[in-house]
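All residue numbers for the first sequence refer to our numbering, where the first residue is 11 and numbers rise by one. Each residue gets a CB set at the ideal place from its N, CA and C atoms; glycine is no exception. Notes to accompany the following structure.
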Amino acid sequence: MHEIFNESVRKMEQRLAQATAELIKELYDEEPATDKIIIQKTRNEFKGDFTIVTFPIARFSKKSPEQTANELGEKLAERLEAIAGFNVIKGFLNLELSNDFWLDFVKNERNNADFGLAKDLEVEVPVVIEYSSPNTNKPLHLGHVRNNLIGYSIANILEADGYNTAKVNLVNDRGIHICKSMLAWQKWGEGETPEQAGMKGDHLIGKYYVMFDMAYKQQVNEMTQQGKSEEEAKKNAPLLLEAQELLKKWEAGDNETVALWRKMNDWAYKGFDKTYKRLGVDFDKIYYESDTYLLGRNIVREGLEKGILFKKEDGSVWADFSEEGLDEKLLLRSDGTSVYMTQDLGTAVLRYSDYNPHEMIYVVGNEQIYHFDVLSRLLKKLGYQWYGKVKHLSYGMVELPEGKMKSREGTVVDADDLMEEMITRAKETTQELGKIEGLTAEQAEKLYHTIGMGALKYFILKVDPQKNMTFNPEESIDLNGNTGPFIQYAHARIKSVMRKAKEKGASDEFTTIPSIHPREKVILKRLYDFRIVVKQASKNYSPALIANYAYELVREFNQFYQEVSILSAETPEQVGFRLSLSELTAGVIRNAMGLLGIEVPERM
RNA sequence: GGUCCCGUAGCUCAGUUGGAUAGAGCGACGGCCUUCUAAGCCGUAGGACCCAGGUUCGAAUCCUGGCGGGAUCACCA
């Protein structure tokens with residue numbers, strides 16, 4: 011039953027468009043292209059529900075847009091039962107739907123917990139989404155947070171749009187950067203473990219990475235002072251040579267090196283797991299670069315044998331893209347070790363055979379646009395027909411009000427610290443406002459977490475992924491205005507009304523009401539839109555569309571809440587309708603926020 | 001320099017198949033708690049939508065050319 015109703019609602023615009031097309035044929039004997047019939051939601055400042063823009067149609071009617079609108083309005087009102095009236099302003103034909111249309115909508119959806127979330131798969135094979143992709147040489151920072159939140163949310167949104175998804179993580183657990191941390195630990199660590207240091211493992215490794223970097227820079231400095239060029243110093247600093255030696259030993263499978271590598275990576279994984287858990291993200295599968303780089307290396311060697319790739323005199327292997335207007339791209343170093351592209355090639359091929367996916371999405375920062383362009387071209391060159399399925403979902407950098415985060419200057423915002431701070435802030439505010447009355451200590455802690463993380467996630471996700479964003483710590487911990495807690499609060503208030511209704515024995519049942527309040531109509535139109543917004547968000551890979559939708563909905567509901575009494579409405583029928591409307595609103599808030607990975611509390 | 005992204009209120013951002021008078025939040029100022037949670041609501045002030053052309057009934061939105069900012073073009077990842 012729901013499905014049938016859903017279909018008819020979803021198709022309201024289509025029905026209007028079709029009827030309009032038929033009328034144009036009858037009245038003016040023209041068959042316009044579908045893009046000439048424009049149906050949109052009527053703006054709130056005008057009376058009506060849907061609007062037909064008649065400027066383009068005037069060319070067929072050979073009358074003024076206004077006359078055309080009147081003519082179409084009359085005929086449409088005659089033909090479609092759902093249309094109760096219309097008005098015309100300039101070339102805009104505003105159609106007013108019957109109250110019953112909206113009342114039926116509410117009746118049918120108020121108890122549908124999955125409103126707006128697809129139940130049927132449109133595509134069987136999964137969309138594989140890679141996100142997070144940490145390096146194991148340092149802890150996660152604010153940039154990773156944005157990455158994780160976007161990736162997790164996009165997966166939710168695609169699921170809501172009827173796709174099957176697989177969330178995967180690719181851990182960059184090998185390479186020169188890890189060797190730097192390893193080397194520093196070997197030299198100066200004196201066997202220190204996370205337990206001894208009282209640090210999360212990822213943070214401990216980060217500490218040694220910083221140590222390496224400082225010592226390395228000092229060496230470079232000394233060498234340049236001794237008259238060497240900076241380039242030469244950077245290339246030949248003893249510490250770097252040692253790290254490179256370690257990488258070679260690692261790739262050769264040297265026991266001691268591999269054992270150290272394993273130990274330190276385990277520390278990192280344990281640390282990451284905690285961060286992911288707190289952040290509320292998860293993965294269906296984890297790929298390790300240490301597994302896939304060999305595959306990549308084999309593919310490169312094959313390509314070399316087939317003559318698709320070429321080798322330079324020093325033994326390094328390259329792909330030539332000069333005919334496509336790009337450069338040559340290194341795939342294997344002269345010492346035979348792998349680079350980033352090598353393993354990404356192997357991972358892509360492995361992943362494709364693992365999933366036979368509909369698409370492979372990579373959530374990776376926009377500084378790697380070129381890298382993914384090359385990856386796709388490389389796959390094509392090597393004969394993988396599915397190269398077009400590789401999609402790079404690039405997102406902008408996160409900057410601080412003072413500018414970019416610089417690890418050198420210690421301005422990198424650590425993910426764990428950040429979450430801690432947000433939750434603490436939520437706790438302070440909640441206690442100040444005296445909102446924990448009647449909660450157990452455990453419930454209160456849960457609430458602080460929900461609010462703090464809600465604030466953080468919303469703050470980041472409300473910005474279009476493509477754009478660079480400024481992370482202002484002051485603003486991010488604000489819990490008023492266009493924020494996550496603002497939306498959570500609206501949900502909690504609705505739930506509170508529901509509890510009061512239950513106490514009073516008020517029912518959400520109703521058959522009909524004499525009129526729909528303008529504040530109610532605004533909400534109804536917004537709720538009706540949810541499914542379309544989910545589709546748009548999916549198509550555009552944009553959690554921001556969902557976030558902004560939720561905000562608009564809540565703002566409109568708050569206006570209604572302020573101006574119109576729900577439980578003290580004139581008649582039980584009115585109460586029933588308003589309760590139903592509120593219930594449906596709460597459900598949409600919950601589902602929308604759920605798509606962003608944000609929980610909504612029952613009370614706050 | 002080549003390629004890509006961005007440019008909307010003092011600040012942070014919406015505005016997406018081109019549509020009506022360009023909207024929010026923060027900040028500033030002024031109101032609203034004997035009534036469902038004031039983490040809320042209402043009002044005032046604040047705009048050459050970077051600039052110049054073009055496309056058309058109509059452009060913040062599309063096209064071209066500038067200007068400004070960012071990214072990238074490594075035997076880094």
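- Rounded to the nearest whole angstrom, the CA to CA distance from G420 to K321 is 41 Å.
- Taking C-beta atoms under 8 Å as the contact rule, S525 and G586 fail to qualify, at a distance of about 15 Å.
- Residue pairing by DSSP places T64 opposite no residue, since no beta bridge is assigned to it.
- Cβ neighbours of Y372 within its own chain (closer than 6 Å, five residues either side excluded): E140, H402.
- In the three-state reduction of the DSSP assignment, P475 falls in the coil class, being assigned neither a helical nor a strand state.
- Look at the segment 117-152 and you find these whole runs of beta strand (DSSP E), each 3 residues long or longer: 133-140.
- In the structure shown, the three-state DSSP call for F96 is strand.
- Taking C-beta separations shorter than 7 Å and ignoring five residues to either side along the sequence, the partners of P411 in its chain run T480, N482, following chain order.
- DSSP links W328 through a beta bridge to F320, L340.
- Apart from sequence neighbours up to five positions away, the residues of its chain that approach N97 with a beta-carbon distance below 7 Å are K57, G58, N104, ordered along the chain.
- In the three-state DSSP reduction, E169 falls in the helix class (H, G or I).
- In this structure, V610 sits near Q498, with a CB-CB distance shorter than 8 Å.
- Counting the other Cβ atoms within 10 Å of the Cβ of P149 gives 16 or more, which makes it buried.
- Annotated as distal: S590 and I576, with beta-carbon spacing of 8 Å or more.
- Here F60 is not near P42, since their CB atoms are 8 Å or more apart.
- According to DSSP, K51 shares a beta bridge with F60.
- Beta-bridge partners of H402 (DSSP): Y372.
- By the Cβ neighbour-count rule, K510 is exposed, with fewer than 16 other Cβ atoms within 10 Å of its own.
- Of all alpha-carbon atoms in I296, G607, K445, the one lying nearest the alpha-carbon of D364 is that of I296.
- T480 is bridged by DSSP to E409.
- For R156, the closest alpha carbon among the candidates A269, T64, M407, G346 is that of M407.
- If you look at I296, you'll find it in the beta strand (DSSP E) that goes 295-298.
- Within a 10 Å sphere around the beta-carbon of Y458 sit 16 or more other beta-carbons, which makes this residue buried.
- In this structure, the CA atom of E119 is about 53 Å from the CA atom of V349.
- In this structure, the alpha-carbon of I470 lies about 8 Å from that of L159.
- Around V543, the same chain offers L555, I556, Y559 as residues with beta carbons nearer than 7 Å, after the five sequence neighbours per side are excluded.
- Counting along the chain, the unbroken beta strand (DSSP E) around L107 starts and ends at 102-107.
- Counting only runs that start and end inside the segment 223-311, the alpha helix (DSSP H) elements of at least 4 residues fall at 240-246, 248-261, 265-289.
- By the neighbour-count criterion, in which a residue is buried when 16 or more other Cβ atoms sit within 10 angstroms of its Cβ, S552 is buried.
- Sixteen is the threshold: when 16 or more other Cβ atoms of the shown chains lie within 10 Å of the Cβ of W195, as they do, the residue is buried.
- Take the alpha-carbon of Y571 and the one of F125: they are about 22 Å apart.
- Rounded to the nearest angstrom, the Cβ distance from L152 to L360 is 30 Å, too far for a contact under 8 Å.
- Where R184 is concerned, there is no enclosing alpha helix (DSSP H), because DSSP gives it neither an H nor an E.
- Taking C-beta separations shorter than 6 Å and ignoring five residues to either side along the sequence, the partners of Y173 in its chain run V133, V137, following chain order.
- With a threshold of 16 other beta carbon atoms within 10 Å, Y380 falls short and is exposed.
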